[in-house]
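Note that the sequence shown covers residues 1 to 120 in the UniProt record's numbering. C-beta atoms are modelled at their ideal positions from N, C-alpha and C, and glycine is treated no differently. Keep in mind the model is a prediction, meaning the values are calculated, not measured. Down below is the structure, laid out as structure tokens.
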Amino acid sequence: MFDPPIEGEYEIYLNGQLASHERYIGQILDISPRGMKIVCGPEIESFLMKSSLQMNVRFLLDVTYIRALGDVIWSRSFGDSFQCGLNFTVQKDIDELITNELKHRRRKEVLAKRINHNIS
Numbered sequence: 001m002f003d004p005p006i007e008g009e010y011e012i013y014l015n016g017q018l019a020s021h022e023r024y025i026g027q028i029l030d031i032s033p034r035g036m037k038i039v040c041g042p043e044i045e046s047f048l049m050k051s052s053l054q055m056n057v058r059f060l061l062d063v064t065y066i067r068a069l070g071d072v073i074w075s076r077s078f079g080d081s082f083q084c085g086l087n088f089t090v091q092k093d094i095d096e097l098i099t100n101e102l103k104h105r106r107r108k109e110v111l112a113k114r115i116n117h118n119i120s
């Protein structure tokens, strides 16, 4: 879980086709090589009942921008927004890239905590 959440942008797809030419901003709460939990704005609501809803998400975990396509497998209301669970479709090298970026990010977080602890 990210604290604070990581900002990402996403596009909405239905039946494999771009449903809207707009890019939206979401907040990534959690991620693994196989999927993510993301908070989306109210624009997603009209698409949530569609059976083949996908999101193409672009985000930065550490140093490399990642673009991953995922099937929306669940959603729930979250204030005036929606939390959505994505299951990434099979995309060559995305699993490894996400894993490596998470490792690098975590190392930096641990190092920063040590430095802050030593300064205090």
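For residue i, the first and last residue of its enclosing beta strand (DSSP E)
{"i": "Ala112", "result": "Here Ala112 belongs to no beta strand (DSSP E); instead the alpha helix (DSSP H) covers 94-119."}
{"i": "Gly8", "result": "6-14"}
Contacts around residue i, its chain only, beta-carbon distance under 6 Å, and the 5 residues preceding and following it disregarded
{"i": "Arg76", "result": "Gln83"}
{"i": "His104", "result": "Asp62"}
Residue i and residue j closer than 9 Å at C-beta
{"i": "Arg58", "j": "Gly8", "result": "yes"}
{"i": "Ile38", "j": "Ile12", "result": "no"}
{"i": "Leu86", "j": "Met55", "result": "yes"}
{"i": "Leu61", "j": "Leu14", "result": "no"}
{"i": "Ile28", "j": "Pro42", "result": "no"}
Nonlocal neighbours in the same chain, by C-beta distance under 8 Å from residue i, ignoring five residues either side
{"i": "Gln91", "result": "Ala68, Leu69"}
{"i": "Val110", "result": "none"}
Taking the runs of the alpha helix (DSSP H) that are 4 residues or longer, which of them lie wholly in the stretch 19-91? none
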